[in-house]
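For the sequence shown, our numbering assigns the number 1 to the initial residue and increments by one for each residue that follows.
All C-beta atoms in this analysis are idealised placements derived from N, C-alpha and C, irrespective of residue type, glycine included.
Model, not experiment: these values are computed from the prediction.
Following: one structure in structure tokens, then a few remarks.
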Amino acid sequence: MNIRTTTDPITLRDVSDLDDHPCLYEGDGDHGVEIYFESEFTKRIYQNMVLEDRKIVCGNDTDDYVAEG
């Protein structure tokens, strides 16, 4: 499953004209997220962020999946 987000994660503003804004794809091709940015500047900020405790979320996308916990 691929997800597209049009909210710039740095400015939290919506990017409406996708053809004229930079984007970044993170994932393996079959599963990932396409992130759009207001500018190359905010894209670079995002790419240079260092997170101390990076989490990787794995899930189950079947129809009968029930989250536990």
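Taking the alpha carbon of residue i as the reference point, which residue from the options has its own alpha carbon closest?
i: GLU40; options: ASP20, ASP30, GLY27 and ASP28; result: ASP20
i: THR11; options: LEU18, GLU38, ASN48 and ASP53; result: GLU38
i: ASP17; options: ILE45, THR5 and MET1; result: THR5
Check whether the Cβ atoms of residue i and residue j lie closer than 7 Å to each other.
i: VAL70; j: GLU26; result: No information on residue 70 is available, as it lies outside the stretch 1 to 69 that the chain covers here.
i: PRO9; j: LYS43; result: no
According to DSSP, is residue i helix, strand or coil?
i: ARG4; result: strand
i: ILE17; result: Residue identity check: residue 17 is Asp in the sequence provided, not Ile. ASP17 falls in the coil class under three-state DSSP.
i: ILE35; result: strand
How far does the beta strand (DSSP E) with residue i in it reach, from first residue to last?
i: GLU40; result: Run containing GLU40: none in the beta strand (DSSP E); it sits in the alpha helix (DSSP H), 40-48.
i: GLY27; result: 23-27
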